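Here's the structure, in C-alpha coordinates; my notes come after.
In our numbering, the protein residues as written are 53 to 283.
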(Lines of atoms letter the chains of each structure in order from A and count residues from 1; the text may use other names and numbers.)
(Lines give C-alpha, C1' and ligand atoms only; values in the text may rest on other atoms or scores of the structure.)
Protein backbone atom coordinates (compact mmCIF):
# COMPACT_ATOMS: atom_id res chain seq x y z
CA UNK A 1 0.00 0.00 0.00
CA UNK A 2 3.00 2.29 0.41
CA UNK A 3 4.13 2.17 -3.20
CA UNK A 4 0.95 3.07 -5.03
CA UNK A 5 1.74 6.77 -5.20
CA UNK A 6 3.75 6.74 -8.40
CA UNK A 7 1.48 9.42 -9.87
CA UNK A 8 2.24 11.67 -6.92
CA UNK A 9 5.95 10.96 -7.28
CA UNK A 10 5.99 11.97 -10.93
CA UNK A 11 3.83 15.02 -10.24
CA UNK A 12 6.33 16.24 -7.65
CA UNK A 13 9.55 15.09 -9.26
CA UNK A 14 9.16 15.68 -12.99
CA UNK A 15 9.23 19.51 -12.83
CA UNK A 16 12.40 19.35 -10.73
CA UNK A 17 13.91 16.76 -13.07
CA UNK A 18 13.16 18.89 -16.12
CA UNK A 19 14.71 21.92 -14.45
CA UNK A 20 17.81 19.86 -13.68
CA UNK A 21 18.10 18.70 -17.28
CA UNK A 22 17.65 22.25 -18.54
CA UNK A 23 20.26 23.59 -16.12
CA UNK A 24 22.77 20.91 -17.12
CA UNK A 25 22.23 21.58 -20.82
CA UNK A 26 22.55 25.32 -20.26
CA UNK A 27 25.87 25.07 -18.39
CA UNK A 28 27.31 22.66 -20.93
CA UNK A 29 26.23 24.91 -23.79
CA UNK A 30 27.68 28.04 -22.17
CA UNK A 31 30.92 26.30 -21.27
CA UNK A 32 31.31 24.89 -24.78
CA UNK A 33 30.63 28.26 -26.39
CA UNK A 34 33.06 30.27 -24.28
CA UNK A 35 35.69 27.53 -24.22
CA UNK A 36 36.12 28.26 -27.91
CA UNK A 37 36.70 31.99 -27.37
CA UNK A 38 40.28 32.81 -26.45
CA UNK A 39 40.85 35.29 -23.63
CA UNK A 40 42.71 38.39 -24.84
CA UNK A 41 45.52 38.19 -22.26
CA UNK A 42 46.26 34.58 -23.23
CA UNK A 43 46.19 33.32 -19.61
CA UNK A 44 45.26 29.69 -19.03
CA UNK A 45 42.85 28.67 -16.32
CA UNK A 46 45.75 27.60 -14.10
CA UNK A 47 47.44 30.97 -14.56
CA UNK A 48 44.24 32.85 -13.75
CA UNK A 49 43.74 30.76 -10.61
CA UNK A 50 47.33 31.34 -9.53
CA UNK A 51 47.04 35.10 -10.00
CA UNK A 52 43.79 35.26 -8.03
CA UNK A 53 45.17 33.10 -5.22
CA UNK A 54 48.44 35.04 -4.95
CA UNK A 55 46.55 38.35 -4.92
CA UNK A 56 44.74 37.06 -1.82
CA UNK A 57 47.88 35.77 -0.05
CA UNK A 58 47.05 32.15 -0.77
CA UNK A 59 50.44 31.06 -2.08
CA UNK A 60 50.09 27.91 0.05
CA UNK A 61 47.20 26.64 -2.11
CA UNK A 62 48.41 24.28 -4.82
CA UNK A 63 46.86 23.95 -8.25
CA UNK A 64 46.55 20.54 -9.84
CA UNK A 65 45.09 19.16 -13.05
CA UNK A 66 42.46 16.41 -12.81
CA UNK A 67 40.64 14.30 -15.35
CA UNK A 68 37.00 14.69 -16.22
CA UNK A 69 34.76 17.37 -17.68
CA UNK A 70 33.66 20.14 -15.33
CA UNK A 71 35.30 18.25 -12.45
CA UNK A 72 36.87 21.43 -11.09
CA UNK A 73 36.80 21.86 -7.31
CA UNK A 74 38.64 23.17 -4.28
CA UNK A 75 39.68 20.72 -1.56
CA UNK A 76 39.74 22.64 1.76
CA UNK A 77 41.30 19.71 3.66
CA UNK A 78 44.41 19.57 1.49
CA UNK A 79 44.28 23.19 0.31
CA UNK A 80 44.41 22.10 -3.32
CA UNK A 81 42.57 23.68 -6.22
CA UNK A 82 41.92 21.05 -8.87
CA UNK A 83 41.12 22.08 -12.43
CA UNK A 84 39.85 19.86 -15.23
CA UNK A 85 41.86 19.39 -18.39
CA UNK A 86 39.63 21.75 -20.36
CA UNK A 87 40.26 24.52 -17.80
CA UNK A 88 43.80 24.00 -16.50
CA UNK A 89 45.75 24.61 -19.69
CA UNK A 90 43.17 26.45 -21.79
CA UNK A 91 43.35 30.24 -22.40
CA UNK A 92 39.62 30.72 -22.82
CA UNK A 93 36.92 32.92 -21.29
CA UNK A 94 35.18 29.87 -19.83
CA UNK A 95 38.41 28.58 -18.27
CA UNK A 96 39.09 31.95 -16.66
CA UNK A 97 35.61 32.06 -15.13
CA UNK A 98 35.71 28.52 -13.76
CA UNK A 99 39.25 28.91 -12.41
CA UNK A 100 38.39 32.18 -10.66
CA UNK A 101 35.23 30.61 -9.22
CA UNK A 102 37.20 27.75 -7.65
CA UNK A 103 39.77 30.23 -6.35
CA UNK A 104 36.81 32.02 -4.78
CA UNK A 105 36.17 28.90 -2.68
CA UNK A 106 39.77 29.02 -1.45
CA UNK A 107 39.23 32.64 -0.42
CA UNK A 108 36.03 31.63 1.38
CA UNK A 109 37.99 28.98 3.24
CA UNK A 110 40.66 31.49 4.26
CA UNK A 111 38.03 33.95 5.51
CA UNK A 112 36.05 31.21 7.30
CA UNK A 113 32.94 31.97 5.28
CA UNK A 114 30.03 30.60 7.35
CA UNK A 115 28.02 28.64 4.77
CA UNK A 116 31.20 26.96 3.47
CA UNK A 117 32.20 25.93 7.00
CA UNK A 118 28.70 24.54 7.60
CA UNK A 119 28.78 22.63 4.31
CA UNK A 120 32.15 21.10 5.17
CA UNK A 121 30.83 19.93 8.54
CA UNK A 122 27.83 18.32 6.84
CA UNK A 123 29.81 16.33 4.27
CA UNK A 124 30.18 13.07 6.32
CA UNK A 125 26.47 12.89 7.21
CA UNK A 126 25.47 13.66 3.62
CA UNK A 127 27.73 10.95 2.22
CA UNK A 128 25.89 8.46 4.43
CA UNK A 129 22.39 9.91 4.26
CA UNK A 130 22.19 10.28 0.49
CA UNK A 131 22.17 6.49 -0.06
CA UNK A 132 21.39 5.01 3.34
CA UNK A 133 18.52 7.38 4.20
CA UNK A 134 16.13 6.14 1.47
CA UNK A 135 16.95 2.50 2.29
CA UNK A 136 16.19 2.96 5.99
CA UNK A 137 13.07 4.95 5.18
CA UNK A 138 11.63 2.35 2.82
CA UNK A 139 12.56 -0.41 5.25
CA UNK A 140 10.67 1.41 7.99
CA UNK A 141 7.61 1.72 5.77
CA UNK A 142 7.64 -1.95 4.77
CA UNK A 143 8.01 -3.07 8.37
CA UNK A 144 5.52 -0.48 9.69
CA UNK A 145 8.24 0.86 11.98
CA UNK A 146 7.61 4.60 12.14
CA UNK A 147 10.71 5.40 14.18
CA UNK A 148 12.94 3.69 11.63
CA UNK A 149 11.22 5.53 8.77
CA UNK A 150 11.70 8.84 10.58
CA UNK A 151 15.42 8.13 10.99
CA UNK A 152 15.59 7.57 7.25
CA UNK A 153 13.79 10.85 6.64
CA UNK A 154 16.22 12.72 8.88
CA UNK A 155 19.24 11.20 7.14
CA UNK A 156 17.91 12.09 3.71
CA UNK A 157 16.81 15.48 5.01
CA UNK A 158 20.47 16.25 5.69
CA UNK A 159 21.09 15.80 1.97
CA UNK A 160 18.39 18.34 1.16
CA UNK A 161 19.81 20.79 3.70
CA UNK A 162 23.27 20.32 2.20
CA UNK A 163 21.90 21.18 -1.25
CA UNK A 164 20.28 24.34 0.13
CA UNK A 165 23.45 25.45 1.94
CA UNK A 166 25.42 24.87 -1.27
CA UNK A 167 23.49 27.61 -3.11
CA UNK A 168 24.86 30.63 -1.18
CA UNK A 169 28.34 29.05 -1.18
CA UNK A 170 28.38 28.79 -4.96
CA UNK A 171 26.72 32.15 -5.58
CA UNK A 172 29.23 33.88 -3.33
CA UNK A 173 32.17 32.16 -5.06
CA UNK A 174 30.85 33.32 -8.43
CA UNK A 175 30.37 36.86 -7.15
CA UNK A 176 33.94 36.91 -5.85
CA UNK A 177 35.19 35.54 -9.17
CA UNK A 178 33.43 38.22 -11.19
CA UNK A 179 34.66 41.02 -8.93
CA UNK A 180 38.25 39.79 -8.96
CA UNK A 181 38.38 39.20 -12.70
CA UNK A 182 36.96 42.66 -13.33
CA UNK A 183 39.03 44.59 -10.75
CA UNK A 184 42.31 42.97 -11.77
CA UNK A 185 41.67 43.47 -15.48
CA UNK A 186 42.04 39.76 -16.24
CA UNK A 187 38.85 40.04 -18.27
CA UNK A 188 37.21 43.15 -19.68
CA UNK A 189 34.48 44.26 -22.04
CA UNK A 190 32.51 41.48 -23.68
CA UNK A 191 34.73 38.88 -21.98
CA UNK A 192 33.01 39.68 -18.70
CA UNK A 193 29.65 38.87 -20.28
CA UNK A 194 30.99 35.44 -21.24
CA UNK A 195 32.27 34.76 -17.73
CA UNK A 196 28.88 35.77 -16.31
CA UNK A 197 27.05 33.48 -18.74
CA UNK A 198 29.15 30.47 -17.69
CA UNK A 199 28.95 31.13 -13.94
CA UNK A 200 25.25 32.02 -13.94
CA UNK A 201 24.46 28.81 -15.82
CA UNK A 202 26.49 26.83 -13.29
CA UNK A 203 24.61 28.50 -10.43
CA UNK A 204 21.32 27.30 -11.91
CA UNK A 205 22.48 23.69 -11.61
CA UNK A 206 22.85 24.10 -7.84
CA UNK A 207 19.39 25.64 -7.54
CA UNK A 208 17.98 22.76 -9.58
CA UNK A 209 19.82 20.25 -7.40
CA UNK A 210 18.31 21.75 -4.25
CA UNK A 211 14.80 21.69 -5.74
CA UNK A 212 15.25 18.04 -6.77
CA UNK A 213 16.39 17.07 -3.28
CA UNK A 214 13.50 18.94 -1.65
CA UNK A 215 10.93 17.43 -4.03
CA UNK A 216 12.15 13.92 -3.19
CA UNK A 217 12.05 14.70 0.53
CA UNK A 218 8.50 16.05 0.16
CA UNK A 219 7.46 12.85 -1.61
CA UNK A 220 8.91 10.74 1.22
CA UNK A 221 7.07 12.84 3.81
CA UNK A 222 3.76 12.50 1.96
CA UNK A 223 4.34 8.77 1.53
CA UNK A 224 5.01 8.40 5.25
CA UNK A 225 1.91 10.42 6.19
CA UNK A 226 -0.28 8.47 3.79
CA UNK A 227 0.99 5.16 5.12
CA UNK A 228 0.17 6.11 8.69
CA UNK A 229 -3.36 7.20 7.77
CA UNK A 230 -4.08 3.84 6.09
CA UNK A 231 -3.31 1.81 9.19
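Idealized CB from N, CA, C, for every residue including glycine.
What you are looking at is a predicted structure, and each value in this text was computed from that prediction instead of being measured.
Can you tell me the Cα-Cα spacing of residue i and residue j, whole angstroms?
{"i": "residue 78", "j": "residue 138", "result": "17 Å"}
{"i": "residue 146", "j": "residue 140", "result": "11 Å"}
{"i": "residue 154", "j": "residue 204", "result": "33 Å"}
{"i": "residue 108", "j": "residue 92", "result": "23 Å"}
{"i": "residue 207", "j": "residue 88", "result": "42 Å"}
{"i": "residue 181", "j": "residue 210", "result": "7 Å"}
{"i": "residue 86", "j": "residue 133", "result": "21 Å"}
{"i": "residue 223", "j": "residue 217", "result": "11 Å"}
{"i": "residue 120", "j": "residue 170", "result": "27 Å"}
{"i": "residue 123", "j": "residue 176", "result": "20 Å"}
Our contact map puts residue i next to residue j with C-beta atoms below 8 Å; I'd like the distance itself, whole angstroms only.
{"i": "residue 113", "j": "residue 136", "result": "So it is not a contact: roughly 17 Å between Cβ atoms."}
{"i": "residue 64", "j": "residue 271", "result": "5 Å"}
{"i": "residue 72", "j": "residue 254", "result": "About 13 Å; that fails the 8 Å criterion."}
{"i": "residue 115", "j": "residue 129", "result": "That belief does not hold up - the Cβ atoms of residue 115 and residue 129 are roughly 16 Å apart, past 8 Å."}
Which same chain residues end up closer than 6 Å to residue i when comparing Cβ atoms and leaving out the 5 residues on each side of it in sequence?
{"i": "residue 160", "result": "168"}
{"i": "residue 157", "result": "126, 225"}
{"i": "residue 214", "result": "174, 178"}
Count the other CB atoms, across all protein chains shown, that sit within 10 Å of the CB of residue i; report buried if there are 16 or more and exposed otherwise.
{"i": "residue 197", "result": "exposed"}
{"i": "residue 149", "result": "buried"}
{"i": "residue 144", "result": "buried"}
{"i": "residue 267", "result": "buried"}
{"i": "residue 237", "result": "exposed"}
{"i": "residue 62", "result": "exposed"}
Taking 7 Å as the limit between beta carbons, can you name the residues of its chain near residue i, skipping five residues before and five after?
{"i": "residue 234", "result": "244"}
{"i": "residue 200", "result": "188, 191, 192"}
{"i": "residue 247", "result": "145, 148, 149, 230, 233, 239"}
{"i": "residue 76", "result": "257"}
Closer than 8 Å by C-beta to residue i: which residues in its own chain qualify, once you throw out the five before and the five after it? Chain order, please.
{"i": "residue 94", "result": "143"}
Identify every run of the alpha helix (DSSP H) within the segment 186–263, keeping only runs that are complete inside it and at least 4 residues long; order them along the chain. Taking only runs of at least 4 residues, the alpha helix (DSSP H) segments lying wholly in the segment 186–263 are 198–235.
Of all the beta strand (DSSP E) runs that stay within the bounds of the segment 114–171, which reach a length of 3 or more residues? The qualifying runs are 114–118, 125–127, 132–136.
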